[in-house]
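Counting in this note's numbering, the final residue of the sequence shown is number 486, and the numbers go up one at a time with none missing. Here the structure comes first, spelled out in structure tokens, and everything after it is commentary.
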Amino acid sequence: MKEEGRIKSVAIIGAGAAGAITAAAFQAENYFDKIRVFERRETPGGTWIYDPDPKPDLPITPGSLPPDVDPRLEIPSSLPRITAPNQQERYAQTPIYDSLTTNVPDIAMCFSDQRFAYGLFVPHHIPRQYIENYFSAHKLDDFLVLNTTVEDLSKISSSSPKSGERWKLTLRKYDCFRHADVWWEEEFDVVILANGHYSVPFIPEVKGLKEYSEKYPGRVMHSKYYRSPLPYTSQKVLVIGNSASGHDVTTELVSSVHHPVYQSRRSKSRWDDVDPPFGIAWKSVISKYLPDGRIVFEDGTCLDNIDKIIYCTGYKASFPFWNEKANGRPMWDYEANKIIKGYWHTFFQDFENLAIVGLPRVLTFRSFEYQAIALARLYSGRNAASLPSVEVMKRWETETEENHKTENRKFHDVEWETGETKEWLQRFFAIAGLGTLTGEGRIPPVLDKDLVWAIEHLRKYPEPGKGDLIMMTRKASSSCDIRIREEDVDDWEIVEHVQNL
Ligand SMILES: Cc1cc2nc3c(=O)[nH]c(=O)nc-3n(C[C@H](O)[C@H](O)[C@H](O)COP(=O)(O)OP(=O)(O)OC[C@H]3O[C@@H](n4cnc5c(N)ncnc54)[C@H](O)[C@@H]3O)c2cc1C
Ligand SMILES: NC(=O)c1ccc[n+]([C@@H]2O[C@H](COP(=O)([O-])OP(=O)(O)OC[C@H]3O[C@@H](n4cnc5c(N)ncnc54)[C@H](OP(=O)(O)O)[C@@H]3O)[C@@H](O)[C@H]2O)c1
């Protein structure tokens, strides 16, 4: 690429797994003059940072979306500036609970050039240490700007029409010595959003819920603030939701709360059998909360005298820093639950020098690696294949939205079983191609046999009808204990039978 339109500076928002691999991929190009990773927390790690005291004293606002509960901060009129420290809730803490372990086999979750300290489904501190160490191992530490929140991201016009738009970031750093917020601005050629989407908890709107939560303060909470079953000992608890959090929280509560633990399910999970496990009673979706404290379900049944209600109803993506006015449109469509004008869950139709890493709920770390390498190559001008025309990108967005609606799937879900994940990764693989002959640029990893086998055979929890799980170790490597099914034992040996995983 000629010097005139050359991309020189890159800002990455967030130092979780997506930010770490994006920084590594851009550094490996040995092309960019300035790479910065802005992270609002005190350390890299993102979702995997553990906050023992999550301070849950927020009012319950059922049905509220991030634009209401996580609005942008007021930016000082002139910068740089020092102000009194911000008091507004920014949802920077994470939802990690004490017993959380990963639910993706380590070989498929880690980046391709470095394994987790150990496997298979590991405690939460392992990915946190891994991400932190990844910055050091790749000498990316210098790029980190910690304790610094991106409060505004605005498009500015570029001096060269060939280089696309540029970006102005407004940054806020808490200065603990002066107990003040320090504000300043920086400009970049390219911005990569790696800000995650599991920060702002979502509680659905239910008739009477707001009044109920006001009448019984502290009784309703979100799983973001759950840490262990201890505070609920002997209490009568109702859990709402049946995805990963709902399953984990309900199962863990069985050991300490009043039996049964009630679990309200809208959909069946892949772990559900015909009947609920010991100590759990399934309920349908809640239809209303009555003023006398009674909870009524859609099947007409009721519950009284519940001590604690834990909403495990997920999160909503939030982009409070996105300046809608300067950038001409919002970032997220909360009705369709999707990025606006995106392409391939990564690129933008209307912003050449903006991209997002980490959005789809798929292989996480490993798929972020494909996204990051493709982007690094694209912005260094060394990409092997081009992005399609805006028309093709628009068609992709429309067709994906229609197909996913028909199939009752979320827009950013990318399935493994149908081959969709491989097709998705293949496009990044094609865009990236090889690095240079002299070694600049990371090479996109291969999806090798062991990794594919692990994804298809290793499960953290038993799935009914899919055979018993066994704790096994691979003959070739006794250091790796894993759980697989009995029918897949050819080159594996049993080390321990595991019941009730
Ligand atoms: C409870 C829970 C359990 C999970 N378990 C698994 C699992 O077992 N396996 C798996 O593969 N995935 C799991 N995930 C998904 C997990 O989110 C991904 O594994 C991965 O960590 C996402 O990385 P990320 O970098 O995209 O986002 P994050 O890890 O969320 O990192 C984003 C970073 O951006 C920072 N940030 C946000 N906004 C700003 C701003 N304005 N300015 C500066 N910094 C900002 C945040 O502080 C954060 O550090 C789990 C998620 C949750 C919530
Ligand atoms: N490592 C682990 O073991 C672990 C543990 C916890 C979380 N996680 C990860 O964390 C992320 C978030 O998981 P999550 O379980 O917190 O959220 P989630 O996967 O988004 O699940 C939300 C749950 O709430 C239900 N729900 C949403 N709106 C509802 C409504 N209006 N009424 C009734 N039910 C409603 C959903 O039902 P429907 O299915 O019907 O939509 C679903 O069961 C995921 O990536 C997950 O894998 C991992």
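We treat Cβ as the ideally placed atom computed from N, Cα and C, and that holds for glycine.
Please indicate yes or no: does the CB of residue i lie closer than 7 angstroms to some heavy atom of ligand 2?
i      : result
Val270 : yes
Pro189 : yes
Arg113 : no
Cys287 : no
Leu85  : yes
Cys95  : no
Ala439 : no
Cys297 : yes
Ile225 : yes
Arg346 : yes
Asp233 : yes
Tyr319 : no
Arg492 : In the structure as shown, the chain starts at -14 and stops at 486, and residue 492 therefore has no counterpart that could be examined.
Does the beta-carbon of residue i have 16 or more other beta-carbons within 10 angstroms, so that it is buried, or is it exposed?
i        : result
Ala3     : buried
Leu154   : buried
Glu74    : exposed
Arg255   : exposed
Asp174   : buried
Gln72    : exposed
Leu125   : buried
Gln541   : Because the chain is modelled from -14 through 486, residue 541 falls outside the range shown and cannot be assessed.
Ala77    : exposed
Pro345   : buried
Ser464   : Any reading at Ser464 must be qualified, since the residue scores a pLDDT of 38, below 50, and its modelled position is unreliable; no value is offered.
Tyr263   : According to the sequence as given, residue 263 is Phe; it is not Tyr. Phe263 is exposed by the Cβ-count criterion.
Cys161   : exposed
Leu422   : exposed
Glu(-12) : exposed
Going by beta carbon distance, what residues of the same chain come within less than 6 angstroms of residue i, once the five residues before and after it are set aside?
i      : result
Ala417 : Ile358, Ala359, Arg362, Pro429
Leu223 : Tyr247, Ile291, Ile294
Asn180 : Ile(-2), Gly(-1)
Asn312 : Lys140
Arg279 : Cys287, Asp289
Arg57  : Pro305
Val375 : Gln334
Met378 : Tyr328, Gln334
For residue i, which residues in the same chain have their Cβ closer than 7 angstroms to its Cβ, ignoring the five residues on either side in sequence?
i      : result
Asp396 : Reading the sequence as shown, one finds Phe at residue 396 and not Asp. For Phe396, where only same-chain residues beyond five positions count, the Cβ hits under 7 angstroms are Ala321, Asn322, Lys323, Thr385, Glu386, His389.
Pro214 : Glu237, Leu238, Ser240, Ser241, Val242
Phe353 : Ala2, Ala3, Ile6, Val342, Gly343
Phe128 : Ala8, Ile20, Arg21, Val22
Ser462 : Annotation note: pLDDT 38 at Ser462 (below 50); position unreliable, coordinate value reported separately. Here the set comprises nothing.
Tyr183 : Thr32, Pro80, Tyr300
Asp18  : Lys(-7), Ser(-6)
Gln99  : Tyr119, Ala122
Phe187 : Thr298, Gly299, Tyr300, Lys301
Val493 : Nothing can be reported for residue 493: it is not among the residues displayed for the chain, which extend from -14 to 486.
What residue does the alpha helix (DSSP H) around residue i start on, and which one ends it?
i      : result
Lys379 : 375 to 391
Met94  : 91 to 94
Ser269 : It is not in any alpha helix (DSSP H) - Ser269 carries neither H nor E in the DSSP assignment.
Gly76  : Strictly speaking, residue 76 in this sequence is Tyr, with Gly absent from that position. First-last for Tyr76: undefined, no H or E at that position.
Gln356 : 350 to 365
Phe414 : 405 to 417
Ile6   : 2 to 13
Leu194 : 194 to 200
Arg113 : 110 to 122
Lys230 : First, the residue type needs correcting, since residue 230 is Ser and not Lys in the sequence shown. Note, Ser230: alpha helix (DSSP H), 229 to 238.
Glu441 : 434 to 442
Ala302 : Premise fails: Ala302 is in no alpha helix (DSSP H) and is neither H nor E.
In this structure, what does DSSP give as the bridge partners for residue i?
i      : result
Pro206 : At residue 206 the sequence reads Met, which differs from the Pro that was named. In DSSP, Met206 forms a bridge with Ile295.
Thr68  : Asp166
Asp318 : Lys323
Arg172 : The sequence shown places Glu at residue 172, rather than the Arg named in the question. BP columns for Glu172 point to Lys153.
Tell me whether residue i, by its Cβ, gets closer than 7 angstroms to a heavy atom of ligand 1.
i       : result
Thr155  : no
Glu24   : yes
Ile(-2) : yes
Tyr183  : yes
Trp33   : yes
Ile81   : yes
Asn88   : yes
Asn180  : yes
Apart from the five residues just before and just after residue i, which ones in its own chain have a Cβ nearer than 8 angstroms to its Cβ?
i      : result
Leu64  : Thr155, Trp168, Trp169, Glu170
Ala369 : Arg362, Ala415, Ile416, Ala417, Gly418, Leu419
Where do the ends of the beta strand (DSSP E) carrying residue i lie?
i      : result
Arg157 : 151 to 160
Leu85  : Where Leu85 is concerned, there is no enclosing beta strand (DSSP E), given that its DSSP letter is neither H nor E.
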